[in-house]
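Visitor: Just so you know, we're using this note's numbering here: the sequence shown kicks off at 25 and counts up by one.
Note that the Cβ used here is the ideal one computed from N, Cα and C, for glycine as well.
This structure is a prediction, so every number in the text was calculated from the model and none was measured.
What follows is a single structure, and I will ask about it in a moment.
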Amino acid sequence: MRPPVHLAIACLLSSTAVQAQQPVPFRAPIDAYRRAHEAEILREFRDLLAIPNLASDSIAIRRNAAAIVAMLERRGVTTRLLESPGGGPPAVYGELRTAGATRTIVLYAHYDGQPVEPARWATPPWEPTLRDGPLERGGNVVPLPSAAGTTGPEWRIYARSASDDKAPIVAMLVALDALRAAGRAPSVNLKFYFDGEEEAGNAHTSALLRQHAALLASDGWIFADGPVHQSRRPQVVFGVRGVTDVVITAYGATRALHSGHYGNWAPNPAAVLANFIASLRDVDGRILVPGYMDDVRPLTAADRRALRTVPNVDAALCRELGLAATEANNAMLAERIMQPALNVRSLHAGPLGAAANAIPTEATASIDFRLVPDQRPERIRRLIEAYATRQGYTVLHAAPDSAMRATHGRLLRFDWGAEGYPGQRTRADMPLARAVVRAVTDALGAPVIEVPILGGSLPTYLFAEALAAPLVVVPIANHDNNQHASNENLRLQNLWDAIVVFAGIESMKGATVP
């Protein structure tokens, strides 16, 4: 009869402890545990993914929260739901104290998800489906394994939130299982904060954090969201861009007009809008609005050192994406995401389908602005509207009535989205940042990429401002995960690596939390 896996691992650690010249790599027992338990790990992951988690569905959100509470409690983690005084989804809180530990870290992930268009999915978004490769490369549906060692590293599980952001929850908790099986204990006190409204804009989060500030006190937060580097190498990220968004509508005549009879006489709202957008940025993406760049925080020497660790994968990405050239004279992607960006998400004018020879009555554009520290959404909004006014546009915040149309030309309506949030960046040379880099490097047995700022946006500033604690982001998903889109997926090797990463963070092997 074979001994239980945890005993075998313990024996392995014991035998090698006396052979100082041949130490066991940190990840060896973690990988051994995972290989022996792949089937049950994937079943737990599947069960969590099968619960619909639209941020707008309060009933389903609370089902997710209850499931995560049960997952934590199975590991002996003291758990409770944190409710905001203003309502909204609960955050799932867990705490695991370590005897003798003097430092505390908080591990963060979110369990709510983006909307779905089921017709665009190859398989239903809440019926987790395992494939033996990427869908676009002909990956076939395979059953979940029933025994150890029967999956491949390139297999992928398809479901909403498979990568964004339920995978880290599973990885954090399985890491605890693996450490215990290996006879190791966390070296720090652990707190878990699983967010239920990240995809909904975190409208209630600031009040919730301030209400529970004493409970959430720590020496630092580790956010698990976003992808690893496009080279597939793991990365530790010290900051994120902020975001604010707007829908701009330009107005023309009150009815569509024949383009031959009225063209070059009646203002064309599509052209008006296109001209305005073109005036906001140049061909290389540099934003031209006066004052827009005034609040951009300069890079530090530590930030520049971190940037030098980022591999240049631009040529490979261009081949993958069918791009002959990129903006700013082919500047590196890693450098470009350190800058603010204006992204036109959609443009629309006139009827859908076959175009008519007519001047449309209105045109709309949806735009997001990616912000960097220390830009603030409210200032960006004021700058954009003030710029429009100086350019001779009439700025509106509601549809114009007949009197407005008759007395004002060049009408632009600005419908700003949710408040948005600013960017946030922890200094790359802070003790927490260095400790996490060492912990992840030691766990994986290979250097990690250090990234000053992530191109996407996370609400880390809320936590930094409410709790005054340093934050570091440790992404785990594959870069081609279809985040926020149809056929979202997670590559299994990314999940296996994430278990090792969080085991390293939870035990902080070779690192000291400041």
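So the candidates are I301, N336 and P322; which of them puts its Cα closest to the Cα of Q254?
Guide: N336
Visitor: At 3 residues or longer, and completely inside the segment 176-244: list those beta strand (DSSP E) runs for me, N to C.
Guide: List check, beta strand (DSSP E) in window: 180-182 and 213-219.
Visitor: Tell me where the beta strand (DSSP E) around L297 begins and ends.
Guide: Taken as a continuous stretch (DSSP letters only), L297 belongs to no beta strand (DSSP E), being part of the alpha helix (DSSP H) at P293 to L304.
Visitor: For A166, which of A172, R155, G176 and H285 has the nearest alpha-carbon?
Guide: Note that residue 166 is Val in the sequence shown here, rather than Ala. If we check each option's Cα against that of V166, R155 comes out closest.
Visitor: Thinking P446 and G225 are a contact (beta carbons under 8 angstroms), I'd like their distance in whole angstroms, please.
Guide: Beta-carbon to beta-carbon, P446 and G225 are separated by about 14 angstroms, too far to satisfy the 8 angstroms threshold.
Visitor: Taking 8 angstroms as the cut-off, decide whether the C-beta atoms of A459 and T450 are in contact.
Guide: no
Visitor: Which two residues bound the contiguous alpha helix (DSSP H) that contains S82?
Guide: Secondary structure note for S82: its alpha helix (DSSP H) is the uninterrupted segment S82 to R98.
Visitor: Within the chosen definition, does the segment 354-372 reach the segment 495-510 through at least 3 CB pairs nearer than 8 angstroms?
Guide: no
Visitor: In this structure, what does DSSP give as the bridge partners for P251?
Guide: Residue pairing of P251 in beta bridges, as defined by DSSP: A501.
Visitor: Between the alpha carbons of T431 and L281, how many angstroms are there, rounded?
Guide: 20 angstroms
Visitor: Among Q399, E512 and A277, which residue has its Cα nearest to the Cα of D425?
Guide: A277
Visitor: Give the C-beta separation of L203 and L106 to the nearest angstrom, bearing in mind that I take them to be a contact with Cβ-Cβ under 8 angstroms.
Guide: Contact flag wrong, Cβ pair sits at about 26 angstroms.
Visitor: Would you kindly work out how many angstroms separate the C-alpha atoms of G315 and L297, rounded to a whole number?
Guide: 22 angstroms
Visitor: Which residues does DSSP pair with N367 in a beta bridge?
Guide: D392
Visitor: Rounded to the nearest angstrom, what separates Q46 and A52 at their Cα positions?
Guide: With a pLDDT of only 49 at Q46, under 50, the local geometry of the prediction cannot be trusted, and no value is derived from it.
Visitor: If you run the structure through DSSP and keep just helix, strand and coil, what is A382?
Guide: strand
Visitor: Go ahead and pull the three-state DSSP assignment for E474.
Guide: strand
Visitor: Rank T484, N511 and T465 by C-alpha distance to the C-alpha of F50 and give the top, closest one.
Guide: Here the closest residue by C-alpha is T465.
Visitor: Note the first and the last residue of the continuous beta strand (DSSP E) segment covering G263.
Guide: G263 to Y275
Visitor: Looking only at DSSP bridge pairs, what is F438 linked to?
Guide: I272
Visitor: With distances taken from CA atoms, which of L420, S170, D188 and D201 is nearest N518?
Guide: D188
Visitor: Can you look up Q46 in the DSSP assignment and give me helix, strand or coil?
Guide: Below a pLDDT of 50, predicted positions are generally treated as unreliable, and Q46, at 49, falls in that range; the measurement from the model is reported next regardless. In this structure, Q46 counts as coil in the three-state DSSP scheme.
Visitor: Pick from L214, P177, D269 and L514: whose alpha carbon is nearest that of G124?
Guide: L214
Visitor: Starting from the C-beta of L78, find all residues in its chain whose C-beta is less than 7 angstroms away, skip the five residues before and the five after it, and write them out in chain order.
Guide: The beta carbon of L78 lies closer than 7 angstroms to those of A84, G137 and P139 in the same chain, with the five residues before and after it left out.
Visitor: Return helix, strand or coil for R104, following the three-state DSSP convention.
Guide: strand
Visitor: Assuming D201 and Y132 form a contact by the criterion Cβ under 8 angstroms, report the distance between their Cβ atoms to the nearest whole angstrom.
Guide: That belief does not hold up - the Cβ atoms of D201 and Y132 are roughly 20 angstroms apart, past 8 angstroms.
Visitor: With DSSP collapsed to three states, give me the class of V307.
Guide: Looking at V307 - three-state DSSP - the assignment turns out to be coil, as it is neither helix nor strand.
Visitor: CB P192 to CB A522, shorter than 8 angstroms?
Guide: yes
Visitor: Considering Cα atoms alone, identify which of G112, T273, A470 and S185 is closest to R82.
Guide: The sequence shown places Ser at residue 82, rather than the Arg named in the question. The candidate whose alpha carbon is nearest that of S82 is G112.
Visitor: Is DSSP giving Q448 helix, strand or coil here?
Guide: Strand, per DSSP.
Visitor: Taking Cβ positions, are I65 and V261 nearer each other than 8 angstroms?
Guide: no
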